[in-house]
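Trainee: Under the working numbering, the first residue of the sequence shown is numbered 1, with each subsequent residue one higher.
Dropping the structure in here first, questions after.
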Amino acid sequence: MAGIRYKDDLYGVQATINVYQPKVKKDSKDISQSGILIDNGPKGHEEGVGVCYSVAPSINGDSFVIFHVVWRDGKLHKPCYDHVCPDFVQVSQRVGLGGRLVPVSVYNGPQYVIDIFTFKDPKTVNWWVMYGEEKTPIGYWPSSLFSHIKDKGVASYWGGFVQGPTTSSDSPQIGSGHFASEGYGKAAFVRNIQIVDNNNKLVTPNSHKYLLGTSDKTKYSIDGFKVDNHGMHMYYGGPGNLV
């Protein structure tokens, strides 16, 4: 992993994610993902919702960049994606859940992003997903799915992560596949990082409540972290073992 972990009472998270196509070994069951997550619950029974893109050859049958909504309800001991589980209610066809994202960014070339936002509606208490700068509603998870995250989240994450049986020996790339220190146009970025607070307002996260981290500094990194007039942002990613 390479990203920001944040702990507080949370009612939503958003970010602009730079879209790249990280390399994942084709014959492995590993996954490389980048996105936003929010969760709550005791260890072993965590519940969470998130929005991300992934490269997962074993799931998708190819190495394309795929857009996902993902959640865990505390009863299932694995994440559910898109409509694989029947619980997510889609209200717009603007984005195909489990569909390919194009175009993708090019190293030292054109850069492309997605704007993603998930939040708890204070009226219906359902968790919604919005997409794009104009925040088009894509769909929601009914509050009845959840116990712990039904009221609020207590932790969130922005950035990239890998999972799978061979992520130690054949570590997938994260982001552009280049270290964060290379900067704009070469390293992947997350910007416009915000949370929804208990007043239902989008705000920049409290600088005393976040933790920057990577799972292995020889494979992944974070750099250029700032909070300024453009919000909270950072570069992240790395080659893993797949240069």
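No residue lacks a Cβ here, since even glycine has one placed at the ideal position from N, Cα and C.
Look at the Cβ atom of Trp127, then the Cβ atom of Ile4, and state whether they are nearer than 7 Å.
Mentor: Not in contact: Trp127 and Ile4 (Cβ atoms no closer than 7 Å).
Trainee: Which ranges does the beta strand (DSSP E) cover as unbroken runs of at least 3 residues, wholly within the segment 51-83, from first to last along the chain?
Mentor: 66-73
Trainee: List the whole-angstrom C-beta distance separating Lys310 from Ser54, where the pair is believed to meet the contact cut-off of C-beta under 8 Å.
Mentor: This structure gives no information on residue 310, because the portion of the chain shown stretches from 1 to 243.
Trainee: If I follow the unbroken beta strand (DSSP E) through Tyr157, where does it start and stop?
Mentor: Looking at the DSSP string, the run of the beta strand (DSSP E) that includes Tyr157 is Gly153 to Gln163.
Trainee: Tell me, to the nearest whole angstrom, how far the beta carbon of Ile195 is from that of His233; I am working on the premise that it is less than 8 Å.
Mentor: Between His233 and Ile195 the Cβ distance is about 14 Å, and since that is not below 8 Å, they are no contact.
Trainee: Which residue comes first and which comes last in the beta strand (DSSP E) that contains Thr136?
Mentor: Thr136 to Trp141
Trainee: Straight-line CA distance for Ser32 to Ser215?
Mentor: 13 Å
Trainee: Roughly how many angstroms separate the alpha carbons of Leu101 and Ile17, rounded to a whole number?
Mentor: 12 Å
Trainee: Output needed for Phe189: all residues of its chain with C-beta closer than 6 Å, excluding positions within five of it in sequence on either side, in chain order.
Mentor: Asn18 and Tyr235
Trainee: Taking the runs of the beta strand (DSSP E) that are 3 residues or longer, which of them lie wholly in the segment 106-136?
Mentor: 113-120 and 127-131
Trainee: Rounded to whole angstroms, how far is the Cβ of Gly240 from the Cβ of Ser171, which I believe are closer than 8 Å?
Mentor: 3 Å
Trainee: Counting along the chain, where does the beta strand (DSSP E) carrying Asp39 start and finish?
Mentor: Ile31 to Asn40
Trainee: DSSP state of Leu202, grouped into three classes?
Mentor: DSSP places Leu202 within a strand segment (E or B) once states are collapsed to three.
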